[in-house]
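In what follows, a structure is listed as structure tokens, so that the remarks can point back to it.
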Amino acid sequence: MTLLTNAPRGTKDILPEQIQSWLYIENKIREICQNYGYAEIRTPTFEHTELFHRSIGEGTDVVDKEMYTFEDRGGRSITLRPENTASVVRAYLQNKLYADGGLVKLFYIGSMFRYDRPQAGRLREFHQFGVEALGEENPAVDAEIILLAWDFLKSLGLDDLNLKINTVGCPKCRPVYRQKLQHYFTDNIDELCDDCKRRIDKNPMRILDCKVDGAKEFMEDAPKIETCLCDDCREHFAKVQEFLTAAGVKFELDGRLVRGLDYYTKTAFEIQYLPLGAQSAVAGGGRYDGLIEEIGGNPTPGIGFAAGIERILIALEKQNLLQTKIKSLDAFIVTSGSKAEVFGFNLLTKLRRENISATMDFAKRSMKAQMKQAAKSGAKFALIIGEDEIKNSTVTVKNLETSEQENIPADKIADSLKS
RNA sequence: GCGGCUCUGGUGAAGUGGUUAACACGUCGGAUUGUGGCUCCGAUAUGCGUGGGUUCGAUCCCCACGAGUCGCCCCA
336 MTLLTNAPRG TKDILPEQIQ SWLYIENKIR EICQNYGYAE IRTPTFEHTE LFHRSIGEGT
396 DVVDKEMYTF EDRGGRSITL RPENTASVVR AYLQNKLYAD GGLVKLFYIG SMFRYDRPQA
456 GRLREFHQFG VEALGEENPA VDAEIILLAW DFLKSLGLDD LNLKINTVGC PKCRPVYRQK
516 LQHYFTDNID ELCDDCKRRI DKNPMRILDC KVDGAKEFME DAPKIETCLC DDCREHFAKV
576 QEFLTAAGVK FELDGRLVRG LDYYTKTAFE IQYLPLGAQS AVAGGGRYDG LIEEIGGNPT
636 PGIGFAAGIE RILIALEKQN LLQTKIKSLD AFIVTSGSKA EVFGFNLLTK LRRENISATM
696 DFAKRSMKAQ MKQAAKSGAK FALIIGEDEI KNSTVTVKNL ETSEQENIPA DKIADSLKS
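Heads up: the first sequence at position 318 corresponds to 653 in the working numbering, and the numbers run straight through without jumps.
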């Protein structure tokens with residue numbers, strides 16, 4: 336319980352028994368991204384702090400109070416990435432991925448860092464899988480991204496998923512809506528909670544999503560964004576819905592869905608897994624047509640989402656969809672005496688070189704104890720080597736499931752185990 | 001960053017202001033002759049999150065800190 340024996344708060348070891356689950360998810364990710372034509376990219380774990388300031392936006396919670404920022408030995412301000420979109424966009428620009436023309440479709444899996452108070456489904460180091468499509472404003476891409484997220488979660492077997500979509504407008508129409516909201520909430524300021532009173536100036540759209548005020552009556556009459564959308568945004572949103580409907584995916588229009596990061600435009604979406612409780616968002620994302628320009632590229636549209644792997648794991652656990660079995664071995668070698676140990680070790684190496692998984696006990700324990708080990712290891716066969724076997728250059732092969740055993744010439748063991 | 005609850009061995013846990021901290025699982029060892037899964041026997045916390053304090057004496061009382069958990073904030 337000291338610093339030495341405790342991982343830092345909000346971090347977790349992923350243990351051998353959990354690796355199967357992680358691999359399962361990661362394999363699904365790679366599979367579906369392959370199907371959708373997205374290529375994997377890996378960006379650095381840390382970036383210049385400035386990148387996140389510019390992309391995520393000052394004034395957001397993530398930037399203001401959740402970043403792991405430090406100065407490196409060269410005096411640079413460095414930040415552990417709190418999300419990966421900014422890095423991917425940066426990599427896109429730096430490596431001129433746009434040079435090939437057309438839409439650039441990327442995905443990533445990696446750990447992100449946010450200094451937040453840990454609770455279920457929220458860690459300081461957590462893992463996200465995400466997808467970014469850069470260079471196309473067609474709403475079909477919005478739909479593709481949403482479908483990818485949806486199909487992915489579905490393919491894991493999750494039920495009780497809820498897809499919510501909204502549009503947050505663009506630099507042309509959002510300010511109009513923003514102002515309308517500010518007027519409306521200022522008129523109703525007495526009804527607002529303290530947090531929301533502060534949000535009027537900072538982020539009036541967030542008020543719509545407030546858990547305290549959200550259910551209050553005056554909220555019903557708050558201005559709807561539909562009334563302010565420019566033609567472009569309106570049409571775009573309609574198209575997205577059309578594509579989704581064509582794909583047979585049910586969605587819920589949620590005018591209160593507001594993303595926390597500054598760079599979002601137009602389409603915003605979120606997939607919830609309701610049984611998760613407070614941290615129910617399992618994937619979220621949206622369009623960010625202004626981001627690339629903001630970071631210094633040519634005006635380029637983009638859209639993406641990120642999904643929290645730990646949250647998905649919790650969801651899978653709840654639905655009992657995980658296997659925790661560690662892969663078992665083909666053979667466990669049991670020896671008696673020091674000659675047999677050498678003989679067994681030799682056999683062990685041979686088997687492994689023949690691609691047969693095997694291990695043995697190195698603690699010089701009794702045969703009985705070794706047999707227990709063998710059984711517990713889940714190995715299919717125990718290969719028993721004692722004085723008799725050495726004398727005859729054979730090995731006793733015991734099938735641990737059926738308890739049948741037979742004596743086999745040592746040089747034929749590998750073939751025998753393969754069949 | 002704020003609030004509630006919690007913190008006994010590898011695990012699940014019982015327990016008391018005062019000699020040996022139940023029980024179960026697990027682990028290890030054993031039950032004559034080289035062999036597992038059943039059964040039986042034995043061993044297995046010098047310590048009760050950490051650090052202080054109260055007390056003749058604390059794992060059980062108090063305080064602080066830490067971690068976990070739930071909720072808020074925010075988000076994945």
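Ideal Cβ placement from N, Cα and C applies to all residues, glycine included.
With fewer than 16 other CB atoms across the displayed protein chains lying within 10 angstroms of its CB, S701 is exposed. Note: S446 is bridge-paired with H462 in the DSSP secondary-structure output. Here the region 720–738 makes contact with the region 668–686; the two share three or more CB pairs at distances below 8 Å. Close CB contacts of F487 within its chain, under the 6 Å cut and outside five residues either way in sequence, are with I367 (chain order).
By the neighbour-count criterion, in which a residue is buried when 16 or more other Cβ atoms sit within 10 angstroms of its Cβ, Q369 is exposed. Counting of Cβ neighbours within 10 angstroms places T600 among the buried residues, the total reaching 16 or more. Beyond the five residues adjoining it in sequence on each side, R687 comes within less than 8 Å, by CB distance, of A693 in the same chain, given in chain order. Between the region 472–486 and the region 579–588, the count of C-beta pairs closer than 8 Å reaches three or more; the two stretches touch. Annotation for T684: the continuous alpha helix (DSSP H) segment containing it runs S673 to R688. Around the C-beta of H383, fewer than 16 other C-beta atoms lie within 10 Å, and the residue is accordingly described as exposed.
Here G410 is exposed. Its C-beta has fewer than 16 other C-beta atoms within 10 Å. Here L415 is bridged, per DSSP, to F381 and Y403. Residue pairing by DSSP puts F604 in a beta bridge opposite I500 and G620. Proximity to F604 across N497, G643 and L469 peaks at N497, based on C-alpha coordinates. Taking the Cβ atoms as the reference, L543 lies roughly 4 Å from R591, within the contact range of under 8 Å.
Here the alpha carbon of E401 sits roughly 26 Å from the alpha carbon of L441. Counting only unbroken stretches of 4 or more residues, the alpha helix (DSSP H) elements lying wholly within the region 681–732 are 702–712 and 722–727, in sequence order. Between the beta-carbon of A709 and that of L735 there is about 6 Å, and that keeps the pair under the 8 Å contact cut.
In the three-state reduction of the DSSP assignment, V423 falls in the helix class, which pools H, G and I. About 3 Å separates the Cβ atoms of D597 and G392, confirming a contact at the 8 Å cut-off. Per the DSSP secondary-structure output, Q454 pairs in a beta bridge with R457. Beta-bridge partners of K753 (DSSP): none assigned. For I627, the closest of R344, R389 and E561 by C-alpha to C-alpha distance is R389. For Q355, the enclosing alpha helix (DSSP H) begins and ends at P351 to Y371.
Contact annotation: V593 and R541 have beta-carbon atoms nearer than 7 Å. If you draw a 10 Å sphere on the C-beta of H518, you find fewer than 16 other C-beta atoms in it, and that means exposed. Shown here for V575: same chain residues with a beta carbon closer than 6 Å to its own, the five before and five after excluded, namely P474, D477, A478 and T602 in chain order. Within the same chain, no residue comes within 6 Å of L358 by CB-CB distance, once the 5 residues on both sides are set aside.
Within a 10 Å sphere around the beta-carbon of S356 sit 16 or more other beta-carbons, which makes this residue buried.
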